[in-house]
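Structure record follows, encoded as structure tokens.
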Amino acid sequence: MVVGIGNGIGIGIGIGESRDLMTQLVKMGANGGSGSRNTSPMGRRVGSRNVSPSKQKAIKTKPRGLDEETIAKFAKSPQPDVQMEDDIWAMLPEDLLNEILARIPPFMIFRLRSVCKRWNSILLDSAFLQFHSQVPSHGPCLLTFYKTSINSQSQTPQCSVFSLPLKQWYRIPFTFLPQWAICLIGSSGGLVCFSGLDGSTFKTLICNPLTQTFQILPLMHYNIQRQLTMVVDRSQRTFKIIAANDLYGDKSLPTEVYDSRFGQWSVNQTMPAVNFCSSKMAFCDSRLYLETLSPIGLMVYRVDTGYWEHVPAKFPRSLLDGYLIAGVKKRLFLVGRVGVYSTIQSMRIWELDHGKVMWVEVTRMPPRYFRGLLRLSAERFECFGQDNLILFTSWNQGKGLLYDVDKKVWSWIAGCGLRLYNGQVCFYEPRFDASIY
Numbered sequence: 001m002v003v004g005i006g007n008g009i010g011i012g013i014g015i016g017e018s019r020d021l022m023t024q025l026v027k028m029g030a031n032g033g034s035g036s037r038n039t040s041p042m043g044r045r046v047g048s049r050n051v052s053p054s055k056q057k058a059i060k061t062k063p064r065g066l067d068e069e070t071i072a073k074f075a076k077s078p079q080p081d082v083q084m085e086d087d088i089w090a091m092l093p094e095d096l097l098n099e100i101l102a103r104i105p106p107f108m109i110f111r112l113r114s115v116c117k118r119w120n121s122i123l124l125d126s127a128f129l130q131f132h133s134q135v136p137s138h139g140p141c142l143l144t145f146y147k148t149s150i151n152s153q154s155q156t157p158q159c160s161v162f163s164l165p166l167k168q169w170y171r172i173p174f175t176f177l178p179q180w181a182i183c184l185i186g187s188s189g190g191l192v193c194f195s196g197l198d199g200s201t202f203k204t205l206i207c208n209p210l211t212q213t214f215q216i217l218p219l220m221h222y223n224i225q226r227q228l229t230m231v232v233d234r235s236q237r238t239f240k241i242i243a244a245n246d247l248y249g250d251k252s253l254p255t256e257v258y259d260s261r262f263g264q265w266s267v268n269q270t271m272p273a274v275n276f277c278s279s280k281m282a283f284c285d286s287r288l289y290l291e292t293l294s295p296i297g298l299m300v301y302r303v304d305t306g307y308w309e310h311v312p313a314k315f316p317r318s319l320l321d322g323y324l325i326a327g328v329k330k331r332l333f334l335v336g337r338v339g340v341y342s343t344i345q346s347m348r349i350w351e352l353d354h355g356k357v358m359w360v361e362v363t364r365m366p367p368r369y370f371r372g373l374l375r376l377s378a379e380r381f382e383c384f385g386q387d388n389l390i391l392f393t394s395w396n397q398g399k400g401l402l403y404d405v406d407k408k409v410w411s412w413i414a415g416c417g418l419r420l421y422n423g424q425v426c427f428y429e430p431r432f433d434a435s436i437y
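According to full-length UniProt numbering, the residues represented by the sequence shown are 1 to 437, in order.
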């Protein structure tokens with residue numbers, strides 16, 4: 001079943017505001033996001049102040065990605081500002097308009113769709129999606145999903161997205177999903193996976209929050225709540241869902257894999273009997289990793305062969321709780337507390353040395369951040385990761401703590417989405433061109 005919603009998403013804006021937005025878009029399109037000199041009169045806002053060449057100065061612009069920073073300079077020969085006419089806006093070539101719209105933050109599209117019928121159908125335009133697939137990614141975001149109770153009979157799904165490049169929260173309409181989709185599995189390549197019980201039937205779906213479309217996947221061969229993970233191959237425009245063991249670890253079931261190329265689940269080897277250390281899984285380098293206590297180490301599922309194998313990587317001493325985090329280029333991290341519940345503790349991050357099959361410490365959370373995250377020694381925390389970014393959240397705090405492994409920087413993230421007790425969080429990459437098929 002595939003459902004799409006094309007209208008009724010945008011927020012109404014006036015003619016004057018839409019003209020200001022269009023002016024910004026033309027500026028971004030002329031510059032191409034690279035900080036180059038803009039020589040077109042269309043690239044300057046009406047009423048801006050001209051600056052003489054002798055007073056030129058460098059201005060740091062807002063980076064598109066987390067690691068980007070460009071420098072822009074005023075033109076050496078400023079030209080007088082030109083009042084733009086409506087006829088000029090209407091005569092923009094189609095390819096130039098698509099190029100501009102593809103480079104703006106994707107969340108602004110919801111506002112721009114209400115400008116005219118032409119823009120309202122932009123998400124169905126194959127030319128726009130082609131331009132969008134070729135521009136750099138907006139950058140990592142955090143997606144929070146939760147449901148608020150209107151009465152005892154119904155709940156309203158809510159979704160907030162925090163853009164790390166823009167450092168701003170956005171609200172995305174999320175009423176297009178069926179009521180049973182309450183468990184956020186994860187996100188990859190612009191797609192988000194949900195599961196839930198429709199009566200007594202366990203179901204799974206894939207959706208694109210930006211295009212407001214979703215697909216309910218076929219039922220698994222063994223219809224029971226399972227540990228799920230998702231991975232997207234953007235180059236092939238395909239995705240896979242891996243169903244590991246029983247969600248509660250009571251039953252030993254064959255591993256099932258859904259491949260979007262074939263539209264069906266395949267049954268593979270049953271995971272050997274183990275004693276799980278955590279229900280969290282990490283997908284890294286075409287392998288699915290799970291922590292185990294008996295035998296101690298990691299259980300690894302190879303997607304290419306469909307078989308499980310054991311890796312005897314011993315955990316660090318005095319590890320209280322740990323989470324596996326997948327990084328980039330085969331990097332696998334272990335995050336957890338070290339110490340005793342009733343005494344001094346610390347949060348540490350290790351990386352798996354695949355050659356020596358051992359965990360190597362990468363860094364430790366500074367004490368002031370640890371005390372700000374966990375006020376009580378036995379307080380629970382959650383941990384998520386993507387592309388060498390690690391997010392920490394605690395159940396009783398209204399904020400999250402982000403660590404950039406490459407830059408070695410800690411930073412707080414505050415917002416309403418992380419304050420809700422029943423909120424679910426994952427990393428998310430907004431993509432209009434992510435296909436649910």
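Backbone N, C-alpha and C fix where the C-beta goes; we use that ideal spot for every residue, glycine too.
Taking residue 406 as part of the beta strand (DSSP E), name the residues at either end of that continuous run. Here residue 406 corresponds to residue number 406 of the sequence shown, with the count starting at 1. Unbroken run through residue 406: none, as it is neither H nor E.
Close beta carbons around residue 163, own chain, < 6 angstroms, minus the five adjacent residues each side: If you number the sequence shown from 1, residue 163 lands on position 163. Cβ neighbours of residue 163 beyond the five flanking positions: 141.
Sort 223, 165, 121 by Cα distance to residue 104 and report the nearest one. Counted from its first residue, the sequence shown places residue 104 at position 104. The shortest C-alpha separation from residue 104 is found at 165.
Beta strand (DSSP E) runs wholly inside the stretch 132-219, at least 3 long, in chain order: Within the stretch 132-219, the complete beta strand (DSSP E) runs of at least 3 residues are 141-149, 155-163, 168-172, 183-188, 191-198, 201-208, 213-216.
Residue nearest to residue 177 in terms of C-alpha spacing, selected from 158, 189, 169: Mapped onto the sequence shown, residue 177 falls at position 177. Residue 158 is the option with its Cα nearest to residue 177.
With DSSP as the reference, identify every bridge partner of residue 347, one or two as the case may be. The count along the sequence shown starts at 1 and reaches residue 347 at position 347. Answer is 337.
Which residues does DSSP list as the beta-bridge partners of residue 264? By one-based count along the sequence shown, residue 264 stands at place 264. Looking at the DSSP output, residue 264 sits in a beta bridge with 259.
Three or more C-beta pairs closer than 8 angstroms, one from the stretch 374-388 and one from the stretch 357-365: is that the case here? no
Measure the Cβ-Cβ separation of residue 230 and residue 195 and say whether it is below 7 angstroms. Position 230 of the sequence shown, counted from the start, is the residue given in the question as residue 230. Position 195 of the sequence shown, counted from the start, is the residue given in the question as residue 195. Not in contact: residue 230 and residue 195 (Cβ atoms no closer than 7 angstroms).
Take residue 175 as the anchor and find which of 145, 167, 318 has the nearest alpha-carbon. Against the sequence shown, residue 175 aligns to sequence position 175. The shortest C-alpha separation from residue 175 is found at 145.
For residue 436, which of helix, strand or coil comes out of DSSP? Translated into positions along the sequence shown, residue 436 becomes position 436. Residue 436: coil per DSSP, three-state reduction.
Assign residue 358 to buried or exposed, taking buried as 16 or more other Cβ atoms, counted over all protein chains shown, within 10 Å of its Cβ. Within the sequence shown, residue 358 is the residue found at index 358, counting from 1. By the 10 Å Cβ count, residue 358 comes out exposed.
For the 8 angstroms Cβ check, are there 3 or more pairs between the stretch 322-332 and the stretch 283-290? yes
Do three or more CB pairs link the stretch 307-326 to the stretch 287-298 at distances below 8 angstroms? Here the stretch 307-326 lies against the stretch 287-298, with 3 or more beta-carbon pairs under 8 angstroms apart.
Quick check on residue 302: does DSSP put it in helix, strand or coil? Counted from its first residue, the sequence shown places residue 302 at position 302. Judged by DSSP in its simplified three-state form, residue 302 adopts strand.
Evaluate residue 301 with the Cβ neighbour count: other Cβ atoms within 10 Å of its Cβ, from every protein chain shown; 16 or more gives buried, anything less gives exposed. Mapped onto the sequence shown, residue 301 falls at position 301. Buried.
What separation, rounded to the nearest whole angstrom, lies between the Cα atoms of residue 474 and residue 201? Look at the range of the chain in this structure, 1 to 437, and you will see that residue 474 is not part of it.
Between the beta-carbon of residue 102 and the beta-carbon of residue 132, is there less than 7 angstroms? Residue 102 sits at position 102 when you count from the first residue of the sequence shown. Residue 132 sits at position 132 when you count from the first residue of the sequence shown. In this structure, residue 102 sits near residue 132, with a CB-CB distance shorter than 7 angstroms.
For residue 129, three-class secondary structure by DSSP: The residue given as residue 129 occupies position 129 in the sequence shown. When secondary structure is reduced to three states using DSSP, residue 129 falls in the helix class.
Return the residue from the list 134, 234, 184, 268 that minimises the CA-CA distance to residue 222. Here residue 222 is taken as the residue at index 222 of the sequence shown, counted from 1. When only C-alpha atoms are compared, the closest one is 268.
For residue 100, does the count of other Cβ atoms within 10 angstroms reach 16, so buried, or fall short, so exposed? Along the sequence shown, read from residue 1 onward, the residue named residue 100 stands at position 100. With 16 or more Cβ atoms within 10 Å of its Cβ, residue 100 is classed as buried.
Residue 264 to residue 288, Cα distance in whole Å? For this step, residue 264 is matched to residue 264 along the sequence shown. For this step, residue 288 is matched to residue 288 along the sequence shown. Their Cα atoms are separated by approximately 20 angstroms.
Check this for me: beta carbons of residue 320 and residue 337, under 7 angstroms apart or not? If you number the sequence shown from 1, residue 320 lands on position 320. If you number the sequence shown from 1, residue 337 lands on position 337. Yes, they are a contact pair.
If distances are taken between C-alpha atoms only, which option among 437, 435, 186, 424 comes closest to residue 160? In the sequence shown, the residue the question calls residue 160 occupies position 160. Answer by Cα proximity: 424.
Status (buried if at least 16 other CB within 10 Å, exposed otherwise) for residue 207: Within the sequence shown, numbered from 1, the residue matching residue 207 stands at position 207. Classification of residue 207: buried, given that the 10 Å Cβ count is 16 or more.
Distance check for residue 92 and residue 155, CA to CA, integer angstroms please. The sequence position of residue 155 within the sequence shown is 155, counting from 1. The sequence position of residue 92 within the sequence shown is 92, counting from 1. Their Cα atoms are separated by approximately 44 angstroms.
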